[in-house]
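Q: In the working numbering, the protein residues as written are 1 to 180.
Note that the Cβ used here is the ideal one computed from N, Cα and C, for glycine as well.
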Amino acid sequence: PGDDGTIHDCMISNNTIKNVGTINQYGAGNCCGVRATFATRNNTIRNNLIMDTYGPSIALIAGGSNEWSIGNKVLRNKCLRSNNTNQEDTGGIYSLDRGHNGDPTNPTIIDGNFVENIGAGLGTKHIYLDDNSSCFNITNNILCGIALFGLQLHGSDHVSISNNIWDISQAPNVTDHFLT
């Protein structure tokens, strides 16, 4: 961490990360391929193959009012088969910012990722900006295969979404979850 307690200007690239949390499953947010948490800024997660995780492939977590996630880059990752089908309220690429501390002058960029087969649990999404996650540019991603939703914004603002390809033809029937 930096002198101010932040995690900043780090690079996570060209890794193969697989089978995270498949034996000891400890909640969706905790069994991630890559998890940047608390106060993060200007980090880059790129060119990784992340597969078979119990939780999100990539998670940017700022859970408290004094925490933030600003100006991070999630670029050209391949995320396969994350989120066990029993998980709910999660995503292949997941962000949480309960303090609503995004910076419009330094948005987080999610660009050029391939996200496939996230899981069919109630509330799974290919990309999920949860709990006030704001100030994101989401571009040029390919999102396909099983997930309940392609994208969900939950209390978000200052989000730009363009040039993405979603193929959710394999998505489960939503009414199946609500009628049982």
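Assign Gly121 to buried or exposed, taking buried as 16 or more other Cβ atoms, counted over all protein chains shown, within 10 Å of its Cβ.
A: buried
Q: How is Ile161 classed by DSSP in three states: helix, strand or coil?
A: strand
Q: What residue does the beta strand (DSSP E) around Glu116 start on, and which one ends it?
A: 114-116
Q: Measuring only the C-alpha atoms, how far is Ala28 from Tyr54?
A: Because Ala28 carries a pLDDT of 48, less than 50, the predicted location of this residue cannot be relied on, and the following value inherits that uncertainty. So the two alpha carbons sit approximately 6 Å from each other.
Q: Pick from Pro56, Asn101, Asn42, Asn48: whose alpha carbon is nearest that of Gly123?
A: Pro56
Q: Roughly how many angstroms separate the alpha carbons of His8 and Thr108, rounded to a whole number?
A: 13 Å
Q: Hey, which unbroken runs of the beta strand (DSSP E) at 3 residues or more fall wholly within the segment 19-74?
A: 34-37, 39-41, 44-46, 49-53, 58-62, 68-70
Q: With Arg81 as the anchor, note down where its beta strand (DSSP E) starts and where it stops.
A: 78-82
Q: For Ile7, which of helix, strand or coil comes out of DSSP?
A: strand
Q: Taking all protein chains shown into account, do 16 or more other C-beta atoms lie within 10 angstroms of the C-beta of Ser133, making it buried, or fewer, making it exposed?
A: buried
Q: Taking its Cβ as the centre, do 16 or more other Cβ atoms sit within 10 Å of Ser82, making it buried, or is it exposed?
A: buried
Q: Just tell me which of Gly5, Val74, Asp89, Asn141 has its CA closest to the CA of Asn163.
A: Of the candidates Gly5, Val74, Asp89, Asn141, the residue whose Cα lies closest to the Cα of Asn163 is Asn141.
Q: Between which residues of its own chain and Phe38 is the CB-CB distance below 6 Å, once the five residues before and five after are set aside?
A: Glu67
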